[in-house]
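Here the sequence shown stands for residues 60 to 578, where the numbers follow my numbering.
Remarks on the structure that follows.
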Amino acid sequence: MPVLPARLSSKSRLRQYLALGCFAIALCLSLLLAPASLGSVPIRVDNQVIFQLSDSPELGAQERAQRLDQQIQAAVRRRTPASIEVNTRNQQPVLRINGRSVLTVLPSDTIEGNTPTEQAEIWAAQIKSAVEAARARRSSAYLRNAALLSLGLLVLAVLLHWGLGKIWPYPTRWLIRRIGDEAMAQSPPPGLQLAQHISLGVARLGVWGGVGLTIASLFPQSQNWSAIARTGLLNGLTQSFLTLGSQSYSLLDFLILLIMLLVLLLAIGAFVNFLKLRLLPQMGINRGAAEVITVITRYVMITLGAIVLLQIWGLNLSSLTIVGSALGVGVGFGLQGIAKNLISGLVLLFERSVQVGDLIEVGDYVGVVERVSARNLIVKTLDRVSVIVPSSKVLEDIVVNWSHDSLTSRLHLPIGVAYGSELEKVKTLLLQAAQEHPQVLKAPLPAVVFVGFGDSSLDFELLIWIKEPSRQLFIRSDLYFRIDALFREHGIEIPFPQRDLHLRSGQWSRGDRPQAQNG
């Protein structure tokens with residue numbers, strides 16, 4: 060039966076979204092809990108870093124930053140502008156906020172050759188500017204504008220969520236066509252549909268995550284969480300979690316590898332399409348041979364390109380020995396069917412016993428081979444229905460190839476005429492019908508064979524040769540129409556099955572004669 064793409068049920072789709080949501084939550088938690096770098100401590104105002112504090116001989120950086128941060132937050136919450144100045148105590152500059160000493164600037168805190176006093180003045184100006192900006196962000200006018208902007212961002216997120224669902228299948232089909240698989244683009248398999256749903260969920264999650272972080276960064280009360288999430292996300296993307304050999308890899312490295320592989324597949328697909336549609340036809344290579352060349356070229360280029368990309372990416376291929384061994388075990392046990400079809404497809408490609416454009420009969424289906432891949436054949440029947448036939452079935456079962464070696468094939472048209480018909484006239488009329496048809500070959504000549512005496516007819520066979528086996532159904536129909544017209548014109552009768560019933564006549568015997576009964 061034709062293999063049609065399966066639709067995912069609503070329950071299975073709900074399970075997929077739940078699984079994707081759990082995965083996203085776990086990923087976010089792992090990113091947020093990623094270890095932060097030690098050393099200097101940043102001084103933040105509304106999560107905007109203004110400078111870094113390091114350890115002093117008496118206090119650690121965390122203790123120094125804690126007191127300064129408390130006073131900065133108090134200055135932000137004050138109704139009146141904060142007083143930030145630099146005083147000198149024990150010949151050392153001291154930062155004072157609203158009359159309270161909060162930080163002694165040491166020589167170890169200076170940068171770019173500044174003196175401690177100059178560094179204290181710079182920090183005081185930075186703190187004053189940051190505090191004034193933070194106070195402005197807490198004004199009613201700013202909060203009103205932020206609320207309106209947040210509402211607009213939510214509307215935009217809803218539109219993007221809806222729009223992604225509408226347009227998402229089209230880029231996937233475009234990518235598949237560029238790679239060179241038109242049949243898969245028209246009828247995506249369930250696995251590809253699942254990948255499409257997952258990628259759509261990830262894209263929608265990215266939209267809502269980006270909008271959520273943006274809205275959180277607009278309000279002072281939630282800016283801290285937004286900054287922590289962004290920092291954790293960046294740390295999670297760049298932190299190494301997998302080591303192969305002597306090389307460590309992060310999630311960002313794998314995203315880069317995925318993009319590189321996608322670009323490789325697009326480039327190979329474009330080249331193979333140019334080879335198949337432009338270059339090979341100009342060289343006079345037939346369609347079947349061109350299909351073999353393009354399939355082999357695609358697999359060879361993908362294999363070599365993947366090896367080169369992995370080496371450019373920094374992966375030592377010798378470290379894949381264990382992975383290759385595990386893959387071999389998987390092929391031996393769980394992937395036998397796929398491996399069987401893959402090897403059978405390669406045999407068909409090299410043997411070329413079945414090629415694109417051939418008219419074949421496999422099982423209950425008769426059709427033209429539209430595509431030969433490493434795993435299956437796509438046969439388009441005379442009813443224009445695509446049938447996907449596994450490659451192993453073609454090798455194991457009996458397949459009738461009407462186009463093998465030569466397109467010329469012979470058709471047998473059985474005809475029966477009534478007893479008493481003139482046989483030579485029947486033969487002449489059958490040959491006339493064959494010779495009048497434009498798609499019946501003149502050589503070899505059509506022939507009429509008297510098969511025998513049937514139960515109710517004289518049986519003939521009209522033997523003709525044609526060069527388009529895919530049109531045999533229509534050629535038969537045309538010939539039968541013409542034969543019926545010629546027979547009617549010349550009084551040749553086509554009989555139908557009939558039986559003669561003979562009743563034996565005689566006298567009733569005395570014992571067998573029925574007796575009349577009186578009522």
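Cβ atoms here follow ideal geometry from the backbone N, Cα and C, with glycine treated the same way.
Being a predicted model, the structure only gives us computed values, none of them experimental.
Take the Cβ of residue i as the centre, count every other Cβ of all protein chains shown within 10 Å, and call the residue buried at 16 or more, exposed below.
i, result
"Trp461", "buried"
"Lys335", "buried"
"Leu436", "buried"
"Leu521", "buried"
"Ile371", "exposed"
"Gln178", "buried"
"Arg547", "exposed"
"Gly422", "exposed"
"Gln282", "buried"
Please go through the same chain and pick out, in chain order, the residues whose beta-carbon is closer than 8 Å to the beta-carbon of residue i, but skip the five residues on each side of it.
i, result
"Ala183", "Ile143, Glu144, Val145 and Leu154"
"His549", "Lys484 and Leu488"
"Thr176", "Val145, Thr147, Pro152 and Val164"
"Val190", "Val104, Ile131, Ala134, Val135, Ala141 and Ile143"
"Phe555", "Ser515"
"Leu213", "Val270 and Ile274"
"Leu259", "Leu223, Gly224 and Trp227"
"Trp267", "Ala216 and His220"
"Gly513", "Gly475"
Can residue i and residue j be called in contact, C-beta distance under 8 Å?
i, j, result
"Leu472", "Arg530", "no"
"Val425", "Thr440", "yes"
"Ser516", "Ala492", "no"
"Val322", "Ala433", "no"
"Gln255", "Trp227", "yes"
"Gln494", "Pro505", "yes"
"Ser115", "Arg126", "no"
"Gly277", "Arg289", "Going by the sequence as given, residue 277 is Leu instead of Gly. Taking 8 Å as the Cβ cut-off, Leu277 and Arg289 do not qualify as a contacting pair."
"Leu407", "Val413", "yes"
"Leu470", "Ile542", "no"
"Met538", "His496", "Checking the displayed sequence, the identity of residue 538 turns out to be Leu instead of Met. Cβ atoms of Leu538 and His496: closer than 8 Å."
"Val415", "Val431", "yes"
"Leu310", "Phe300", "yes"
Enumerate in chain order the residues of its own chain whose CB-to-CB distance from residue i is below 7 Å, with the five nearest sequence positions on each side excluded.
i, result
"Arg263", "His220 and Leu223"
"Gln498", "Ile525, Glu527, Arg530 and Ile534"
"Val331", "Gly239, Thr353, Thr356 and Arg357"
"Val508", "Phe519, Glu520 and Leu522"
Give me the Cα-Cα distance between residue i and residue j, rounded to the nearest whole angstrom.
i, j, result
"Ile553", "Val510", "16 Å"
"Leu317", "Leu368", "10 Å"
"Thr356", "Arg337", "15 Å"
"Val446", "Met319", "34 Å"
"Tyr308", "Thr297", "9 Å"
"Glu171", "Arg196", "32 Å"
"Gln341", "Glu455", "36 Å"
"Tyr358", "Arg443", "29 Å"
"Thr467", "Ile327", "37 Å"
"Leu215", "Ser285", "19 Å"
"Gln130", "Asn157", "8 Å"
"Asn149", "Leu118", "17 Å"
"Val100", "Val108", "10 Å"
"Ile344", "Val351", "11 Å"
"Phe540", "Val459", "28 Å"
"Leu482", "Ile551", "10 Å"
"Lys187", "Phe313", "44 Å"
"Ile457", "Leu500", "28 Å"
"Thr139", "Tyr201", "18 Å"
Compute every distance between the C-beta of residue i and the non-hydrogen atoms of the ligand HEM, then say whether any falls below 7 Å.
i, result
"Leu272", "Looking at this structure, you won't find the ligand HEM or any other ligand, since it has none at all."
Leaving out five residues before and five after residue i in sequence, what residues of the same chain have Cβ atoms less than 6 Å from its Cβ?
i, result
"Ile474", "Phe519"
"Val427", "Leu418, Lys439 and Ser529"
"Ser451", "Lys399, Asn400 and Ser403"
"Leu339", "Ala349"
"Met60", "Its pLDDT being 38, under 50, Met60 is placed unreliably by the model, and nothing is read from it."
"Ala192", "none"
"His561", "none"
"His21", "The chain is shown from 60 up to 578; residue 21 falls before or after that span and cannot be answered."
"Leu162", "Leu127 and Leu154"
"Glu429", "Ile437 and Lys439"
Alpha helix (DSSP H) runs wholly inside the stretch 457-494, at least 4 long, in chain order: At a cut-off of 4 residues, not a single continuous stretch assigned as alpha helix (DSSP H) sits fully inside the stretch 457-494.
Enumerate, from N- to C-terminal direction, the unbroken alpha helix (DSSP H) stretches of 4 or more residues contained entirely within the stretch 325-378. The stretch 325-378 contains these whole alpha helix (DSSP H) runs: 346-372.
Complete beta strand (DSSP E) runs within the stretch 401-457 (minimum length 3 residues, chain order): List check, beta strand (DSSP E) in window: 418-421, 424-431, 435-440 and 445-449.
Segments assigned alpha helix (DSSP H), at least 4 residues, entirely inside the stretch 115-191: Segments of the alpha helix (DSSP H) lying fully in the stretch 115-191: 120-136.
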